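Numbering (UniProt numbering), first residue to last: 1 to 144.
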């Protein structure tokens, strides 16, 4: 799960998907920038996750690296900018083929962005949670 800073959207997506999959699956999140490396998720992401019974307060931000292409079979990005930034690090077509806009699972081939809720107030986090929950349900169905 990849967004810009790894404090709003991608940690929510990580927590949601982990809750839908067996522990044997490796699920992680990262940001394309290192602004918040080592920081916990935004307090509003933590709050909306808690509202739905998830604890993401222990997660720590990190930056996406080339090694992530080797560690993960699927790389879900939150928006077009993340898609471009992740693909700039790709070494080959195999890496690029792992990268998918997360909302394409709900709206195939539409390339819709998950809006960044950082400046959108509390309601923005609620809306993002619901979008990610729907997409993560599809991911979990496809994997199990």
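The beta carbon of each residue, even a glycine, is placed where N, CA and C say it ideally should be.
Computed from a prediction, not measured in an experiment: that's the story for all the values here.
In this structure, residue 135 keeps its C-beta atom at 8 Å or more from the C-beta atom of residue 99. The beta carbons of residue 36 and residue 56 sit no closer together than 8 Å.
Nearest Cα to residue 62 within the set 25, 38, 47, 128: 38. By the C-beta criterion, the stretch 66 to 73 is judged not to be in contact with the stretch 4 to 22, since fewer than 3 inter-stretch pairs fall below 8 Å. Leaving aside the five residues that flank residue 132 on each side, the residues in its chain whose CB is nearer than 6 Å to its CB run, in chain order, 12, 13, 16. Counting only residues of its own chain and dropping the five nearest sequence neighbours on each side, residue 58 has a CB closer than 8 Å to the CB of 40. DSSP places residue 66 in no alpha helix (DSSP H); its state is neither H nor E. Residue state for residue 2 is assigned as strand, using DSSP reduced to three classes.
Under DSSP, residue 101 shares a beta bridge with 77. When the alpha-carbon of residue 28 is set against those of 43, 9, 44, the nearest one is in 9.
Excluding five sequence positions before and after residue 138, the CB atoms of its chain that fall closer than 7 Å to its own CB belong to 105, 106, given in chain order. Here residue 112 has 103 as same chain residues with Cβ atoms under 6 Å from its own Cβ, once five neighbours each way along the sequence are excluded. In this structure, residue 2 lies near residue 76, with their beta-carbon atoms less than 8 Å apart.
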